[in-house]
Each structure stands twice: as C-alpha cells, then as structure tokens.
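Engineer: In this text, residue positions in the sequence shown follow the working numbering: the first is 690, and each later residue adds one.
Note that CB positions come from ideal geometry on N, CA and C, so glycine has one too.
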Amino acid sequence: MHARFVRGAVRSAAVAAAVTGTLTWAPAANAQPSEPTPSTSAVAADTPAADAGSVEITTRATAGDVLPGAAFLLLDSAGQEAGRGTTDAQGKLTFPDLTPGVYRLKETASGSPLYEVVADQDVIVTPGATTRLTITDSYKAAKVLLQAKDDKTGKLLSGATVNIGTGTSTLLTVTTGAKGTASGELPVSSRKTEFWVKQVKAPAGYGLYKPSKTFTAGPGAPVTVTVTNTKAATSPKPHPSDKPTTEPTGTPSTPAGRPGSETGGAMPSAPGTATPDTDASSTASASSDGDSTPATPAGSLAHTGADATPWIAAGAGIFIVAGAVTLVAVRRRRAAESESDSNSKTN
C-alpha cells in the first residue's frame, strides 16, 4: 500500500514538471527494502574446527624426586611461541588447546642450582589427545682443578697424567700443561660423590706418585686435587777429564827362560833363609802393640801387586848373597887342599 502511494506520487510530480517546467521534489532513496548480507564471522562459526590437543610435562631429578619451578618454552613449527610456564609443586606443567602438529620444547631453567637442563626435543600433538612427557634433570658436573707439585719446593710440574674415577670406572683423564695444572668435569650421582685419583705418568725427572688418594665433590661445586712428586735419584756421569788417581804398581813375574834363571822363572829359596829375624820380630811387635793390620802368614803372599815387590827383592838379594858365600867357601877349600898337597910332597 505504501509502495503504491510512493509510485503514484512520483508520477504526479513528473506530470506536474512536464506541465509547469519545474521540478519541486524527487525521492533520493530506493523504496525497495534491502536483504541482509551474511557476515564472515557467521560463516566461520558455522564451520567446524579441528579437535585441539595438549601437552602435559612432569619434571623429576635423577633420584626420582619431583622438581618444582622448572621453566619451559613451547614453539610451533614456524618457531613462534605457543606457550610458556613453570612446573608446580608436584613438578607438573600443562599446555592446553594446541593445534595438532609438531612443536619444539625447550627447558630454560631447572629450578635448582644443582641440576642441569635437558636438551631441546620435538613434541607431537595429536587431535583430541594429551601428550605426556617426563623430563629428568641430572645433577650438574663437578669442576675439578688438578695440580702437580714438587714435594720439596712446591713448584708446579707439567707432564703429569692422572686418572680420576669412582668404583671401578675411570671417568676423567687429564695431563698438566705448561703451568702445571689441568681442569675437567666429573659427573656426579649424588650431593656428595667420592672419587679416587691415580697418577699414570710422572713429570720428566720425577718418580711416580703412588699413594692412594680420594676426594669428594658435589654437583656444580669446584674442587682442587693436588699430587706431589719426588725427584728421581740419578747417578753422576763421569767427566771426560777425570783420570784414575792410582797407578797400577804390580810387577810382572819373571818369564821362564829369562837369562840367569835356572828354575824356569821361579826364584829358589836359600836353605835356612826364611823370613828374616828382623821382619819376624817387627811382625810380632806390631801384633803385641794391638795394630789392627793382620800379620802375613809365612810362606804365602797376603797381597799381590805392590805388596809382593819387597818379598821378591829380598829373595833375590838372599839368593845372590848365598851364591857369593858358596863361591868363597869353594875357593878357600881348593886353596886349603892345594896347600895340603904341597906340604905332603915336601915331607
């Protein structure tokens, strides 16, 4: 009804304009009602969304205790942050309403100075399911500083190789450098772990450090280990200019066949001319005075070399004297016989 009235008024105005030549009014809007356009939000609301998933984390220590306060960051496949948070008193943390896909989980803090953070890892979120992870944080390694010293002067020594371990396992092998020190890290399994030290190579010119040595270390705590070495005993090397201080004084024996030797080199002993009386009395006197020098047995040489020379000379002198005496006696006997023969002829 209203629409018909409007159309009739438009016609009447057009006829009046044609008659009078002026236009007094014209409608500016379309009288037809417009239909509503559906919005994009309504379309999105009508589209069913994929089922979301979630990630639940539980943090524990190596011994099994829960770790509250551990901080985590969750990144989506494009590297954008999808969530972050810290574990509660029960060591739990949940990331809800996650679009299915692959995520990257990063532990940024363990919540304790005694524990290390774990390496980054991938997490797969599936539609309508909760992905549960247990994160185990290990104790921080103990920091070891090794020193090798001279046991007398305390000087730091290079070139000392030491094994460090626990039980039957060797966990660390270090060698001191130019400054006489070396450092390393030891994995620990408790708040106080006992380790042993064994030196397998001594510094040059020193003996091996053999005593048994142990020490204790805690997570992340620095500890200094010192081994001491004693200089090895060395014999002095002879100097080229050194010469013997004593000259050999031995006299070679008379060779057989030497001119004037009638017994093949052996010196005959004169009858009744053993050791001279003066020598025997001197020996007896020395013994009675308490001299510590042992007396030389008769008929034998107590020593060789220089000690035999006086005896050989004495024997030769006695032999010469005995020969001269014999020769004089023979001449006197012959002279006496000649004189006796001449007397008998005269008578």
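Leu762 and Glu770 - do their beta-carbons sit closer together than 8 Å?
Structural biologist: Yes; because the gap between Cβ atoms is below 8 Å, this pair is in contact.
Engineer: Would you report the Cα separation of Val1017 and Ala1005, rounded to the nearest angstrom?
Structural biologist: So the alpha carbons of these two residues sit roughly 19 Å apart.
Engineer: Inspect the CB distances between the segment 810 to 817 and the segment 782 to 793 and report whether three or more fall short of 8 Å.
Structural biologist: Cβ pair count under 8 Å is three or more, so yes.
Engineer: So for Val1019, helix, strand or coil by DSSP?
Structural biologist: Reduced to three states, the DSSP call for Val1019 is helix.
Engineer: Report all residues from its chain with a CB closer than 7 Å to the CB of Ala741; omit the five preceding and five following residues, and keep chain order.
Structural biologist: So the list reads Asp786, Leu787 and Thr788, once near-sequence residues are dropped.
Engineer: Touch check for the segment 906 to 918 and the segment 798 to 809: three-plus C-beta pairs under 8 Å?
Structural biologist: Yes, they touch.
Engineer: Who are the near neighbours of Arg1020 in its chain, counting only those whose CB is closer than 7 Å to its CB and skipping five residues on each side?
Structural biologist: None.
Engineer: Provide the residue span of the beta strand (DSSP E) that contains Glu796, from first to last.
Structural biologist: Run containing Glu796: Gly790 to Ala798, per the beta strand (DSSP E) assignment.
Engineer: Thinking just about the alpha-carbon of each residue, which of Val1010, Ala849 and Ala921 is nearest to the one in Tyr895?
Structural biologist: Looking at the Cα atoms, Ala921 is the closest of the given residues.
Engineer: Out of Thr917, Gly780 and Ala798, state which residue places its alpha-carbon closest to the alpha-carbon of Pro900.
Structural biologist: Measuring from the Cα of Pro900, the nearest candidate turns out to be Thr917.
Engineer: Thinking C-alpha only, which one of Gly843, Asp826, Ala818 and Gly774 is nearest Gly753?
Structural biologist: Per the Cα distances, Asp826.
Engineer: Does DSSP put Gly1004 in a helix, a strand or coil?
Structural biologist: It is helical.
Engineer: Cα separation between Leu756 and Asp777?
Structural biologist: Using only the alpha carbons, I get a separation of about 8 Å.
Engineer: Label Ala1081 either buried or exposed according to how many other C-beta atoms from any shown protein chain fall within 10 Å of its C-beta, with 16 as the threshold for buried.
Structural biologist: Residue 1081 lies beyond the stretch modelled for the chain, which goes from 690 to 1036, so this question has no answer here.
Engineer: Kindly list the residues whose CB is nearer than 6 Å to the CB of Ala891, restricted to its own chain and excluding five residues on each side of it in sequence; keep chain order.
Structural biologist: Here the set comprises Leu897 and Asn918.
Engineer: Cβ of Gly772 within 8 Å of Cβ of Gly800?
Structural biologist: Cβ distance not < 8 Å, so Gly772 and Gly800 don't count as in contact.
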